[in-house]
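Below is one structure, written out as structure tokens; the observations come after it.
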Amino acid sequence: MLQCLVEEDEEKREGNDGDDDDDEEEEEQQQQQQQQQQKHENEEEGEEEEEEEEEEEEEEGRLLNQ
């Protein structure tokens, strides 16, 4: 009985409430949020690169027309 209470106390101090299902759900949610954030950042980078390429092509076109 005492050992069980000691283990519960240790789990609480470590931030583990002993309910592994909740912990797994929280971890999944965090992973999904990170994936969505990474996807969004990648999309923004892709758009920026496209804009830069278009600007470079326009500049090259101007130089060729001179």
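Here the sequence shown stands for residues -15 to 50, numbered as in my numbering.
All residues carry an ideal CB built from backbone N, CA and C; glycine is no exception.
Euclidean distance between Cα positions of residue i and residue j
| i | j | result |
| --- | --- | --- |
| L48 | E41 | 10 angstroms |
| E34 | E28 | 10 angstroms |
| D(-7) | D6 | 18 angstroms |
CB contact below 8 angstroms: residue i versus chain C
| i | result |
| --- | --- |
| E(-9) | Although the question refers to chain C, the structure presented lacks it and comprises just one protein chain. |
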